[in-house]
Amino acid sequence: MVRQPYLKKGSWSRDEDQKLIAYITRYGIWNWNEMPRFAGLQRSGKSCRLRWVNYLRPNIRRGNFSREEEETIIHLQKTLGNRWSAMAARLPQRTDNDIKNYWNSRLKKRVIVENNNSASSPTETKSSVEENSSDADSSMMLGIFLDSDTPGMHDFAEIAADTTFFPSGSNLSVADDDHYSMAMDNYLVSYWEIQSFLEQPQMIEGLDCEAISQNSQQWHSHHQQYYDPLHDFWVNPLI
DNA sequence: AAGGGTAACAACCGCCGGACT
DNA sequence: GAGTCCGGCGGTTGTTACCCT
């Protein structure tokens, strides 16, 4: 009987995030079930996939749904039902998990209340959405990269600025140092750390980088529709 | 200050469908 | 055609932070 290797569950640590990002950055996504072993992660493939898709992908936006996005979700939920992935396809930068959570925790109740109100007195309800006040904060954070003379850093910053790489949640205010450092800790896996990781000796003996690279390219060609356009940004500078 | 209730969200689980052998 | 593997999806749970009493 083959003993299953210990698989960690629960919250992801920063170190695990870095390992996953660094691995995918270098080799791409070729097999979720095999990747954790090569990446030095004691996680299931499913767990890695979920973490990447819902949190670590470079061009996802989290928190602070705009009024337009809210209305879109409400409309799509009416027409599509609980098809969260289909909704996510129509809401750029949002994940199905995020949309699902947002609907379950906020919008569902709001819609019920609005329906009840419209049944009695059709008054306009005020949206609970906060303004995207942290856009400026994100810009300030990006300034760090723009100041850098490191090749590739300007691309990094510009793309991040264009795609709201940095989540715009309320915790990301840079009004004080605590929030700023927390934001950095939680959301930034710096170029330098990835580089440092990649320069480490291969953790798996006999790792056939060439084969993995080819597998990755084949995967790309077959699954291009699932790939976000920022992938090149992550991969090219490091190959 | 402490405890209970609630909201928000990260993560897990089970199921399903497609691809491959 | 049957079996297996893998990735994706939706439902659900667990955890944490916050608010109120």
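With the first sequence counted from 1, adding 75 to any position gets you the numbering used here.
By construction, the Cβ of each residue, glycine as well, lies at the ideal position given by its N, Cα and C atoms.
Please read all numbers here as calculations on a predicted model, not as lab measurements.
- Three or more Cβ pairs drawn from the stretch 82–98 and the stretch 111–118 lie within less than 8 angstroms of each other, which places the two stretches in contact.
- It is roughly 24 angstroms from the alpha-carbon of GLY103 to the alpha-carbon of TYR81.
- Close CB contacts of GLU109 within its chain, under the 8 angstroms cut and outside five residues either way in sequence, are with GLY120 (chain order).
- Apart from the 5 residues on each side of it in sequence, TRP127 sits with its Cβ closer than 7 angstroms to the Cβ of LEU95 and ILE99 in its chain, given in chain order.
- Taking a C-beta distance under 8 angstroms as the contact criterion, MET162 and ILE149 do not qualify as a contact pair.
- For ILE187, the number of other beta carbons within 10 angstroms of its own is below 16, and it is reported as exposed.
- Secondary structure note for GLN93: its alpha helix (DSSP H) is the uninterrupted segment 89–102.
- Between LEU131 and ASP92, the CB-CB gap stays under 8 angstroms.
- A residue is called buried once 16 or more other Cβ atoms fall within 10 Å of its Cβ, and ARG165, having fewer, is exposed.
- Per DSSP, the continuous alpha helix (DSSP H) segment holding ASN172 begins and ends at 171–177.
- For PRO111, the secondary structure class from DSSP, reduced to helix, strand or coil, is helix.
- In the structure shown, TYR81 falls within a coil segment according to DSSP collapsed to helix, strand and coil.
- C-alpha of TRP159 to C-alpha of ASP90: approximately 30 angstroms in a straight line.
- Within the same chain, no residue comes within 7 angstroms of GLU143 by CB-CB distance, once the 5 residues on both sides are set aside.
- Taking GLU145 as reference, the option from ARG185, ARG124, ASN157 and LEU125 with the minimal CA-CA separation is ARG185.
- Contact between ARG124 and TRP107 holds, with the beta-carbon distance rounding to 5 angstroms and staying under 8 angstroms.
- Classified as buried, SER122 has 16 or more neighbouring CB atoms from the shown chains inside 10 Å of its CB.
- Contact between THR170 and ASN134 is absent: CB atoms are separated by about 11 angstroms, not below the 8 angstroms threshold.
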